[in-house]
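Read left to right, the sequence shown gives residues 4 to 375 (my numbering).
Yeah, the Cβ is synthetic: ideal placement off N, Cα and C, and Gly gets one too.
For reference, the structure is listed below as structure tokens.
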Amino acid sequence: MTDELAAFSDVGEVVRVHRPEIPVMCMHRSTFEEGAAEFVAKFDGTVLYAVKANPHPLVVNAIFDGGVRHVDAASIGEIEYVAKLRPDAVISFNNPVKPAHAIRRAYRDFGVRDFVIDHPAELDKVRDETGPDITVQVRVGRRNAEAVIDLNTKFGTTIKEASRLIVEILRMEATPAVSFHVGWQAQDPDAYTRILQRIVSMPNAGELAYINVGGGFPSVLMPPGLTLDDYFAAVSGMSIPLRAEPGSALAASGASLLTRVLLRKERAVYLNDGIYGTLNEHAHYPGPGPHMVLDSKGRPRFGRETEVTVFGPTCDSLDVLPNRYSVPDSTQTGDWILFSQAGAYSNALVTNFNHLGEIDVVEVLTAPTVAR
């Protein structure tokens with residue numbers, strides 16, 4: 004499986020030379036690699052890449068080049084994909100609810116020895132399909148209103164129930180661990196500290212092989228005045244080994260998205276990509292708007308700006324970004340609008356609605372720096 008792509012010096016050259024007709028994901032290999040290297044160097048524990056964020060071969064290989072060796076997978080398909088692409092990867096099956104056949108194949112066919120559960124019935128499935136040579140993470144849940152998206156409404160058990168499940172894991176002669184997720188784009192580093200304090204206070208915390216602090220490290224929505232260093236500091240110095248499974252934090256900044264203006268109206272632009280495509284995530288949060296606008300020859304547009312509504316290409320009136328964004332007054336049909344920080348939950352979420360799911364993927368050596 005190759006990660007070789009057509010390569011261009013910058014996004015302007017993509018427009019001028021490549022002359023695309025469909026949305027273009029512009030991968031910046033060095034940005035992925037450097038971001039992974041920084042996370043590995045600064046996080047006080049083992050880093051797993053949440054491959055669901057962006058499974059493209061270039062992304063996975065660049066993140067491994069940055070020093071990551073572990074992968075958080077959520078399905079047997081992801082496990083099989085990663086095992087083929089990176090035979091050196093250490094894979095954890097970190098979906099708390101899994102089909103029995105997927106547990107069996109992960110254990111027997113791919114050597115997975117790390118699983119997540121949050122309920123006794125799921126532990127029974129893992130026990131039936133594996134052996135005692137495994138680590139079982141009990142996922143605990145705690146609501147976090149300060150996260151942009153709270154991920155604890157679907158998964159997670161109580162600290163009290165987690166303690167009981169740890170006893171059962173020990174009875175089956177497996178190794179217990181605990182995991183949690185403070186939510187997507189966590190806005191307060193102390194959210195990690197608060198739940199860690201509760202976990203280490205459990206009566207059987209001394210039995211834990213590690214604590215998995217999950218993801219949630221901000222990327223596209225970093226709070227003003229904070230950096231990742233503040234989040235690393237919040238989880239440092241623990242007596243129990245730590246793991247983390249970042250997705251957006253490793254992938255977001257490594258790619259940009261070029262979208263073409265299909266039609267410019269006075270107060271609206273219609274793009275060849277939208278919420279059914281690589282802009283899917285923008286439907287759920289007030290994300291960063293266009294980074295720059297380029298004309299049909301790849302030259303940035305500047306000047307006075309106008310707020311516009313941004314529509315996608317489908318026939319669905321719901322295919323619209325939730326916020327209005329500013330673009331230069333001179334923006335016109337045929338221009339290209341560039342979205343930066345588009346490396347996470349973008350190409351991974353493309354659908355084929357209206358048969359408009361086709362995108363192009365290229366490598367761009369220089370990440371865009373010019374902004375309006």
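Start and end residues, alpha helix (DSSP H) containing residue i
{"i": "Ser251", "result": "Ser251 to Ala254"}
{"i": "Tyr234", "result": "Leu231 to Ala237"}
{"i": "Phe35", "result": "Arg32 to Lys45"}
{"i": "Leu297", "result": "Segment Met295 to Leu297 is the beta strand (DSSP E) holding Leu297; no alpha helix (DSSP H) there."}
{"i": "Phe67", "result": "Pro60 to Asp68"}
{"i": "Asp193", "result": "Asp193 to Val203"}
C-alpha distance - residue i paired with residue j, whole-angstrom precision
{"i": "Met205", "j": "Ile362", "result": "49 Å"}
{"i": "Glu7", "j": "Glu16", "result": "18 Å"}
{"i": "Arg327", "j": "Cys318", "result": "20 Å"}
{"i": "Thr281", "j": "Leu245", "result": "32 Å"}
{"i": "Ile25", "j": "Val313", "result": "17 Å"}
{"i": "Thr138", "j": "His287", "result": "34 Å"}
{"i": "Asn64", "j": "Gly250", "result": "14 Å"}
{"i": "Asp276", "j": "Leu266", "result": "12 Å"}
{"i": "Thr161", "j": "Val170", "result": "14 Å"}
{"i": "Val151", "j": "Pro221", "result": "In this predicted model, Val151 has a pLDDT of only 45, less than 50, meaning its place in the structure is not dependable; the value taken from the coordinates is given anyway. Rounded to the nearest angstrom, the two C-alpha atoms are 10 Å apart."}
{"i": "Val100", "j": "Val216", "result": "18 Å"}
{"i": "Leu173", "j": "Val18", "result": "59 Å"}
{"i": "Val115", "j": "Val223", "result": "32 Å"}
{"i": "Val238", "j": "Pro226", "result": "18 Å"}
{"i": "Gly218", "j": "Lys55", "result": "12 Å"}
{"i": "Gly346", "j": "Trp187", "result": "15 Å"}
{"i": "Asn147", "j": "Pro102", "result": "The predicted model places Asn147 with a pLDDT of 49, which falls under 50 and marks its position as unreliable; any figure quoted below should be read in that light. Computed Cα separation, rounded: 28 Å."}
{"i": "Phe305", "j": "Ala271", "result": "18 Å"}
{"i": "Asp298", "j": "Cys29", "result": "17 Å"}
{"i": "Gly38", "j": "His285", "result": "22 Å"}
{"i": "His104", "j": "Val129", "result": "10 Å"}
{"i": "His184", "j": "Phe35", "result": "23 Å"}
{"i": "Glu301", "j": "Pro291", "result": "For clarity, residue 301 is Gly in the given sequence; the question names Glu instead. One C-alpha to the other measures close to 21 Å."}
{"i": "Glu176", "j": "Thr133", "result": "12 Å"}
{"i": "Phe42", "j": "Tyr234", "result": "11 Å"}
Residues bridged to residue i [DSSP beta-bridge criterion]
{"i": "Thr178", "result": "Thr138"}
{"i": "Tyr52", "result": "Val74"}
{"i": "Ser329", "result": "Glu310"}
{"i": "Asn350", "result": "None; Asn350 has no bridge partner."}
{"i": "Ser95", "result": "Asp75"}
{"i": "Pro23", "result": "Answer by DSSP bridge pairing: none, since Pro23 is not bridged."}
{"i": "Met28", "result": "Leu260 and Val364"}
{"i": "Val323", "result": "Phe314"}
{"i": "Asn215", "result": "Ser182 and Arg246"}
{"i": "Phe11", "result": "Val367"}
{"i": "Pro303", "result": "Leu297"}
Start and end residues, beta strand (DSSP E) containing residue i
{"i": "Ala76", "result": "His73 to Ala76"}
{"i": "Ala189", "result": "Trp187 to Ala189"}
{"i": "Asp363", "result": "Asp363 to Val367"}
{"i": "Leu2", "result": "Since the displayed the chain opens at 4 and closes at 375, residue 2 lies outside it and no answer follows."}
Beta-carbon separation (whole angstroms), residue i vs residue j, contact threshold 8 Å
{"i": "Asp127", "j": "Arg142", "result": "No, Asp127 and Arg142 are not in contact; Cβ-Cβ is about 16 Å, not under 8 Å."}
{"i": "Tyr213", "j": "Ile243", "result": "6 Å"}
{"i": "Ala77", "j": "Asn97", "result": "6 Å"}
{"i": "Ala258", "j": "His31", "result": "6 Å"}
{"i": "Ser343", "j": "His294", "result": "4 Å"}
{"i": "Leu253", "j": "Ile94", "result": "With a Cβ gap of about 16 Å, Leu253 and Ile94 do not count as contacting."}
{"i": "Asp332", "j": "Glu308", "result": "7 Å"}
{"i": "Ile79", "j": "Ala124", "result": "With 8 Å as the limit, Ile79 and Ala124 do not qualify as a contact, their Cβ atoms being about 19 Å apart."}
{"i": "Val71", "j": "Val50", "result": "5 Å"}
Residue i at chain B interface by Cβ criterion, 8 Å
{"i": "Val18", "result": "The structure shown contains no chain B; it holds only a single protein chain."}
The ligand PLP heavy atom lying under 7 Å from the CB of residue i
{"i": "Trp187", "result": "As presented, the structure is devoid of all ligands, the ligand PLP included, so that no description of it is given."}
(request) Go through the segment 97 to 164 residue by residue and report every complete run of the alpha helix (DSSP H) that reaches 4 residues or more, in order. (result) For the segment 97 to 164, the full-length alpha helix (DSSP H) segments reaching 4 residues or more read 103 to 113 and 123 to 132 along the chain.
(request) Could I get the ranges of all uninterrupted beta strand (DSSP E) runs contained in the segment 244 to 283, with 3 residues as the minimum, in chain order? (result) 245 to 247, 258 to 268 and 271 to 274
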